[in-house]
Structures are given as C-alpha cells and as structure tokens.
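Q:
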Amino acid sequence: MSADILEEHIGSEYKYGFVSNIESDNAPPGLSEEIVRFISKKKNEPEWMLEFRLKAYRHWLTLTEPKWAHVKYEKPKFNEIIYYSAPKQQKKLNSLDEVDPELLKTFEKLGISLEEQKRLSGVQSNVAVDAVIDSVSVKTTFKETLAEKGIIFCSFSEAVHEHPELIKKYMGMVVPYTDNFYAALNSAVFSDGSFCYIPKGVRCPMELSTYFRINSAGTGQFERTLIVAEDDSYVSYLEGCTAPQRDENQLHAAIVEIIAHKNAEVKYSTVQNWYPGDKEGKGGIFNFVTKRGICLEPNSKISWTQVETGSAVTWKYPSVILKGDNSVGEFYSVAVTNNYQQADTGTKMIHIGKNTRSTIISKGISAGFSNNSYRGLVRIQKGATGSRNFSQCDSLLMGDKCGAHTFPYIEIKDKTGMVEHEATTSKIGEDQIFYCKQRGLDTEKAVSLIVNGYCKEVLKQLPMEFAVEAQKLLAVSLEGSVG
Amino acid sequence: MLAEKLSVTHQLSEELSKISGKASFMPSSEIGKALQYLEEHGIPNNKQEEYKYCNTEAIIRKEFKSLNGKEIPASKDLKNRYYVGGAYNLYLVNGRFLEQQSEIPAKTMITSIEEVPGAELQKHLSAYAKSDGDAFAALNTAYADRGLFIKIEAGALIEKAIIVHHVYTTKDSFFFNARNLFVIEKNAQVRITEAFYPATGKNFLNNLTEVFTGEHAQVNHCQVQNAGNSFYGVDTLAVSQNRCSNYSHSVFTFSGALVRNNVAVALNEEFSECHLNGLTLSKNQQVVDHHTLVDHQKPNCQSNELYKGVADGRSMLTFNGQIFVEKDAQKTNAYQSSKNILLSDDATVNAKPELEIYANDVKCSHGTSTGKVDENALFYLKARGIGEESARKLLLHAFAHEVIGKVADHDTAAFVEILFENSLN
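These protein sequence lines are chains A and B, in that order. FYI, the numbering for the first sequence is 35 to 517, going by the numbering used here. FYI, the numbering for the second sequence is 589 to 1013, going by the numbering used here.
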C-alpha cells in the first residue's frame, strides 16, 4: 500500500501551498520591547508572563545566531518579520458552526476536517485536534471528553489563564529561555501552542494532535508546546504542519517541552511538511526548532518519531534527558530532502540516571541538490551505570548533486556504559532495481518500493491513526532523480 | 575572548622568535600567511569545534608561559641505547638530524631539512599542509627551525625498514617546531617507523610531517608515541597521494600528557588507497586526541580506518574521524571503525565519526562502539583457571592485536607489543 501512496506523490507539487483568504490581525513588523508588550497585551496575559517574555527578549539581544549547522541560508531579517498574526475573531466560539467557514475549509483541504472529527466521536480511533493557524490556536476538539478524565488539552494561552500554576511550574523547565538563540526568541514572542497535562494514573484514550499552519505573508510562527505526564500516565501526541507557497522565506521557531514523571510514557510524533521552496530553491520555511523532553523520574519513557519532508532549511534536534533511573529515550527519524532543501537534524540523548537506555534510528534520503545531515549527541555521564545506547544512521543518496552527512558526537564517562553507533551511506543498489524491474515494476515504482522499505523501521513507529496520513505526507518528489 | 587567546599566542610567538627565529628554509610568503592566520585566530581552545576536547590554549598558558629550557647535547652512545638490527637506524636529537651516527640506505636522500637544496623543497614544502588552515600548522610554518628530509628515489625498493629514533633531551620547558618532509617517488617502496622515546624535560613538540607518495608508490609509515608524561605534543601529518599509490599509517600512543594527532590524507588521483590505524592506551591525566581526515577527491579510491583505544585512570581519549567524498569521487569505498574500552570510571571516551558525502555511487560506513571488557569472555577464561587480572590482560591484548597485526614491519610490531604489555602493568 505504501508504494501506491509514494507513487501517487512522485513528482507531485506541494499540494498544501494554497493561501486561505482569512482576515488576520497582524502586529507591525519588527521586534522591540513594544512588540513583546503588544503580544502579551493582545493575549491578555498576566504580569508574570510578560516578565518572562521581557527577560527572554533582553537575553536574546545578547545572543548571536548559531552558525555551526551544516546549512547555508540567508539570515532571516529579524526586524522585518511580523511576530504576531491571528485570524480575526470577534468573539469566543462555542460550536463549530460559529467558526469562520474559510477556516474550516482550510482544514478540510489539509485533510483535517474538524467537523468530521466531531461527528465521528464515539468511534474507536478518534483524535483530539488543536488547530493553530498562524500564531493562534483556533479550535480544540474533544475538549470536554478529555476533561472527564482530568486531562487538560488546550491552547497555551488558555492554559496561562486557567492553569497558571502548572505553566509557572513547568514552562522553561526543559528548555530555558537561555538555551539558545531561537529558544530565547521564541520565549520572547511565542504566540500560542498547545498545552497538555495528563494526570496521575490516566491513560489518554485518544491521540492528541496539534496542527500548525502558517497562513499570512511575512509572518513568523513561534509556538510553544508543553506536555506534562504525571506518574503512571500515557499519552501519544502528533504534530503536523503546512504552509502556503510563497517566494519569501518564512521563519518558524518553536519550542516543545515534555516532562515525564514516574512510570509515565510520552510518545511524540511529528510529520513536518512545511513548504520546502520551489524547484529552484526559492522560498520555503526556515524551521529552527528546539524540542526536548526530560524523563524526570524512574521508569519513564519519551519517544520521538519524526517524518521530515518539508522546510527549506531544518535545524532540529528532539532530545531526551534521561534523569530518572531505568528511563528510556527513543528517536526515530526519516528526513527527506529534495531540490535545494537543507536539513541538519538529529537528537541528543543525555544519560544521567542508572540503567537508562536509548535508541536512535535515523534514515536520511537526499535527492536533487539537497543536503541532509544527521547530527547527534550521546552522552553518558559519570554515575549513569549500566546505561546503553544504540544508534544507527543511514543515508540514501539519489542523484549525484546532493550530499549526505553524519556528525555524531559520543561522550562516555562511565565504564559500564555501552554505546554503539553505526552509519552507512549508499545509493539504491542497481541489483535491487534490476530485481524489481525484472518482476515488472518500472524504475520509478521500484525506487518507491525500496525507499519505503528503507524507511519502514521508522514509519511503523507512527501511531496507527496517522500512519496513512504520514505516508501520504512522505511525498518524495523523486521525479528526475532516478538513474 | 579572542583578545585573551591572542595574548597567549603573542606571548608564545615572542618566546619562539627568541629561541628559533624564523624558519630559514621556508618561503617568506608562507611565513606571512601563517603569521596572518595566527594573528586572526590565535591558539585554539575548546570553543573551537576542532579542538573541543583538547584545550591547547589553556595548556600553553599554564605550562609554557615562558620557555626557559635548554637543549642538552645527547650522549654519544645513542647506538647502544636505541638500535634495531636489520634496519636503517636514523637518529634525531631534539628534532635535529645526526647524520654521522645514522645509517643511510642507497637510492635515498636523507638529510636535515635545512640542508636540502631549494629546488627539491620548493615542489613539496607547504604544498600539503596548509599554512593558514590550522594554528599549529601555522606556528610550525612560522617557527620551524629543524626537521628531517627523506627522499626515496623513483623505483627504489628499500628492503630493510627505516627506523627514526626521536630522542628529546632538554632541561625545563621547551617548545619545538619540527618540520619533516618525506617524498616517496614513483614506484618506490619503503617502511618508515618513527619512535618517540621518553623525554627528560617538559617539552612541547609541534611536529609537522608532509608526505608525498608518487604513482604506484607503497609506503608503510608507523609512529610510536611514548614520550613520557611531561611531554606535550601536536603531531600533524599531511599526506598527498598520487595515482595507484598505497599509504598505510599506524599510530601507537602510550604516553604523553597531551597528544594531539592531526592526520590528513588527500587521495588526489584515481585508484589510490590508504589505511589509517591507531592504538592508544591512555592513563593518569593524559589527554589523547586523534583527528583524521580522509579526502576522497577522485573516483575509484579506497580508504580504511581502524582506531582502537583503552582509557584508564582519569584520562580523556578522543577520536574524531572525517571522511570527505567530493562530488566527482564516484566508486569510492570508505570505511571507518573506532572501538574503545573504558577501564576506569574517571576516564572519558569521546568519539565523533563524521561522513560528508557529495557523490552518490559510493559505499561509506562508519561504526563506533564503547564499552567495558566483555564479561562473558572474562568468565570463560576464569572458568578455565586463568586469574582475573591475567584474563583481563589477555583480552586487552587480543583487543590491541587487531591493530598491531596490521604493522608490516616485524621489528616494529614486536616493539609495540612490548610497549603495550609494559603499559598495561
């Protein structure tokens, strides 16, 4: 089946590149304390939140952009970006009927029908969606059903008002605003995002999902996601994203923080499909994201799965700090780059607790003129006895104009630690293609088949509900890169 | 930050110009480039990606603030102390070649680098190690005042190994910049082993060797680094390979407070092949940092790397291997493997195997693993009546043998074997 889906997308254009005609409310372009105050005021935030933003902003002013990644791009002009843009909304919405029909259409086009979801409630495989357009969360479905179990799933700004104690406690715990250039920027100007809290002993009955979309021109998107899983809880979370086709580069700088308490498990899956720019490498999203989770207490588990197909430039390292004893961190990634895309992505696994384990499976595919890098860190701290890591990062090259790179860092300070790392780089074997062709598949189909098999280890980690969508989104424009 | 670094650099430069002046054999344009590089970048510290695990600036600031050392003339009986039968023995004291005591084979030209005719040098000197790419290469270019020149003439087959004995005898702290050039001409074959013996004073050796291998040349190059624990060294090796040549390099590191090895091999023409091996046993507070770069510039070349390390005490052992495959280098085969054993809880192993690939029809892989001595194997031996300590040593020996076994010269292999054994005790 996967081969069909891939094939369907061979040579396909970016199909989410439309612009929705939704009136939006923008801040003037540029960044200053005024803008930070403007955003905070717009969102009706309490004083402590504004303080946090201002502290972050002042810290950001002292930082310079990181240059170590293996990517080349024209530096975003931070004073020309619109830091706040929201669909115009007069009053609070109570039902879907009141939602701007243009907006609903947008999500239907994206394949996420909010209405459909509502009607199908009660069906086993259902999903709660928080839809974020430009900078603001427009609608969260299934809120009531989740509330019955004590699960909080709402937009970040709502959480600031309704659960300030939780936000105060956890925000910045894993990614402080001093972490890096883009984390500081995000902390200063973040507009919205999702907040998810799973209380003690609760197994979240459905997948939670956030859908991000950049719509307005000239805007940047800065959202923040915070997931807290209390003792013995479980949640699976999916994030998807798209953007319209534009000639300019738009900036997306998000923060995701995950906190897992004792015995808790969080599974975070991303299907990243921001607009990658056109065939000449014009336009596209700059995706500079800080994602990190902490296994705070014993026996907790955090798992990242990502399918990266979009963005002109990606700079993203979902990481896990394994602090609790016996905690587990996982990272599964497929990164596809084509045309002039550049991706520098990977993970960090920091082993602090005893008997902590981590697995890294990274599959990179480069085609066209693209460059795809894996950059990762595995660190076993002193005292992390009996820790174990296995990493595998493979690269597949399609075409002789692209590049595939690996930059793994391995630091071991404990003699009982076991770390293995392997990486291979190769092209699709001609014998493999020959085998398929001999059995009646044409070259393109054979390539799709092989690529799908190559990625299977990662794709199978995605939640069932999204497997199909994810495979659809893994739209490899392989046209012309065969042979 | 840079200002601080530059002050260390300036101070060092000042001290160096006092003791060595400018290199007489180096073209002034190269010296200019090198000085400019130093002025712009300074001595690297751990903020530079390339020196992340090896803070040379801090070491120089702390240990080599003033170079008040003196060279002590070596005793005349070098031959009695360091000699390998069935080989050509060459002696270098404090990086200066002792022609009288050395045995020079036919069809070669072996001399001190200052005495090489200009035309001979011109073609190769500074052609492979860029004067403005790394601070230590730059320092070397600017201040080197000694070194060894070896030329193996076209078609010469040197049957016995050439053993270079490096002896360091100084008092107090000294900073050497030694520049060596090995030219192995077309169709020549040679085995060169360089042995560094424990030094007397506190030395910093900034050693730079450029190697050129002509068409179809075959070179086995070994370095045995055992210069003692008051020895600090940055060893840069820049190799340029011509068509169908074969270059093997093995480096064995047993002592040295700081050992930083920069090995860069450029496979400049088709069908050339290189093998890089390393074995390290680090102890105490040692910092050992191996950097390798294999640059596949042309199609149909092969490279193989195997670096193994055992880290004990509070030592820090680093391996950073880069494989670079350029756009046109199709049909490249490049393999890299790094395996490490940690013997103590205070030791650190860092590994950073990198691949940068711009051609598609290639087979490249790297693998690295770090762990402890295999408990099952240990149990197996203990069950057969071998004591824990002996069993552990046996296993470490087996671990090391994979690298030692790759040394082509038997005398060298036996020598390394003994050093490894002694270091284990």
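Backbone N, C-alpha and C define an ideal beta-carbon position, used for all residues, glycine too.
Mapping DSSP to helix, strand and coil, what is Cys810(B)?
A: The answer is strand: DSSP assigns Cys810(B) an E or B state.
Q: Does any residue of chain A bring its CB to less than 8 angstroms from the CB of Thr959(B)?
A: The question names Thr, yet the displayed sequence has Gly at residue 959(B). Yes - at least one Cβ of chain A is within 8 angstroms of the one on Gly959(B).
Q: At 7 angstroms on the CB atoms, spell out the chain A contacts of Cys642(B), in chain order.
A: Under the 7 angstroms cutoff, chain A gives no residues; its nearest Cβ is about 13 angstroms from Cys642(B).
Q: Just to confirm the assignment, what range does the alpha helix (DSSP H) spanning Tyr469(A) have?
A: For Tyr469(A), the enclosing alpha helix (DSSP H) stretches over residues Glu464 to Gln472.
Q: Can you give the Cα-Cα distance for Ala726(B) and Gln636(B), rounded to whole angstroms?
A: 16 angstroms
Q: Are the CB atoms of Tyr374(A) and Leu430(A) nearer to each other than 8 angstroms?
A: no
Q: With the cut-off set at 8 angstroms, would you say Phe987(B) and Lys896(B) are in Cβ contact?
A: yes
Q: From Thr758(B) to Glu638(B), what does the alpha carbon distance come to, in whole angstroms?
A: Taking the CA atoms as reference points, Thr758(B) sits about 30 angstroms from Glu638(B).
Q: Name the two residues that bound the continuous alpha helix (DSSP H) containing Lys325(A).
A: Counting along the chain, Lys325(A) falls outside any alpha helix (DSSP H), though it belongs to the beta strand (DSSP E) covering Gly318 to Cys329.
Q: In chain A, what lies closer than 7 angstroms to Asp949(B) by C-beta?
A: Lys461
Q: Measuring only the C-alpha atoms, how far is Cys470(A) from Val70(A)?
A: So the two alpha carbons sit approximately 57 angstroms from each other.
Q: Just the chain B side, please: which residues come within less than 7 angstroms of Phe403(A) by C-beta, in chain order?
A: Going along chain B, no residue has its Cβ under 7 angstroms from Phe403(A), so there is no contact; the nearest lies around 11 angstroms.
Q: Using the Cα positions of Glu513(A) and Lys435(A), report the straight-line distance between them to the nearest angstrom.
A: With a pLDDT of 44 at Glu513(A), under the threshold of 50, the predicted position of this residue should be treated as unreliable, and no value is reported.
Q: Taking Ala438(A) as the query, report the chain B residues whose CB atoms sit under 8 angstroms from its CB, ordered along the chain.
A: Near Ala438(A) (Cβ distances below 8 angstroms), the residues of chain B are Leu943 and Ile945.
Q: Where does Gly789(B) fall in DSSP's three states?
A: coil
Q: Using a Cβ-Cβ cut-off of less than 8 angstroms, give me the residues of the region 875–897 of chain B that come near chain A, in sequence order.
A: From the region 875–897 of chain B, no residue has a Cβ closer than 8 angstroms to chain A.
Q: Give the residues of chain A in contact with Glu637(B), contact being defined as C-beta atoms less than 8 angstroms apart.
A: Trp102
Q: DSSP beta-bridge partners for Met697(B)?
A: Under DSSP, Met697(B) takes part in a beta bridge, and its partners are Lys739(B).
Q: Taking all protein chains shown into account, do 16 or more other C-beta atoms lie within 10 angstroms of the C-beta of Ala730(B), making it buried, or fewer, making it exposed?
A: buried
Q: Could you name the residues that DSSP lists as bridge partners for Gly398(A)?
A: Ala369(A) and Ser429(A)
Q: Count the other CB atoms within 10 Å of the CB of Ile336(A); is the residue buried (16 or more) or exposed (fewer)?
A: buried
Q: For a minimum of 4 consecutive residues, which ranges assigned as the alpha helix (DSSP H) are wholly contained in the region 175–258 of chain A?
A: Within the region 175–258 of chain A, the complete alpha helix (DSSP H) segments of 4 residues or longer fall at 177–182, 190–196, 198–204 and 215–223, listed in chain order.
Q: Any Cβ of chain A within less than 8 angstroms of the Cβ of Ser932(B)?
A: Yes - at least one Cβ of chain A is within 8 angstroms of the one on Ser932(B).
Q: Residues of chain B with CB closer than 7 angstroms to the CB of Ile446(A), please, in chain order.
A: Leu930, Thr936, Val937 and Thr958
Q: Please report how far the alpha carbon of Ile394(A) lies from the alpha carbon of Pro352(A), in whole angstroms.
A: Rounded to whole angstroms, Ile394(A) and Pro352(A) show a C-alpha spacing of 11 angstroms.
Q: According to DSSP, which residues form a beta bridge with Lys664(B)?
A: The partner list for Lys664(B) (beta bridge, DSSP) is empty, contrary to what the question assumes.
Q: Express the C-alpha separation of Pro497(A) and Ser925(B) in angstroms, rounding to a whole number.
A: One alpha carbon belongs to Ser925(B), the other to Pro497(A), and they sit about 36 angstroms apart.
Q: Buried or exposed: where does Leu600(B) fall if 16 or more other Cβ atoms within 10 Å of its Cβ makes it buried?
A: Its Cβ being crowded by 16 or more others within 10 Å, Leu600(B) is buried.
Q: Check whether the region 107–119 of chain A touches the region 60–69 of chain A, taking contact to mean three or more Cβ pairs, one atom from each stretch, closer than 8 angstroms.
A: Contact between the region 107–119 of chain A and the region 60–69 of chain A is present: three or more C-beta pairs spanning the two stretches fall below 8 angstroms.
Q: Would you say Lys981(B) reaches chain A, if we count a Cβ-Cβ gap shorter than 8 angstroms as a contact?
A: no
Q: Going by the beta-carbon positions, is the gap between His385(A) and Ser425(A) smaller than 8 angstroms?
A: no
Q: Going by Cα to Cα distance, which pick from Ile648(B), Gly674(B) and Thr906(B) is closest to Ser957(B)?
A: Thr906(B)
Q: So Asn768(B) and Thr797(B) are supposed to be a Cβ contact under 8 angstroms. How far apart are they, rounded?
A: 4 angstroms
Q: What number of angstroms, rounded off, separates the C-alpha of Pro632(B) from the C-alpha of Ala723(B)?
A: 7 angstroms
Q: Straight-line CA distance for Leu594(B) to Ile751(B)?
A: 39 angstroms
Q: Give a yes or no on whether 8 angstroms exceeds the smallest Cβ distance from Lys940(B) to chain A.
A: Yes, because at least one Cβ of chain A sits closer than 8 angstroms to the Cβ of Lys940(B).
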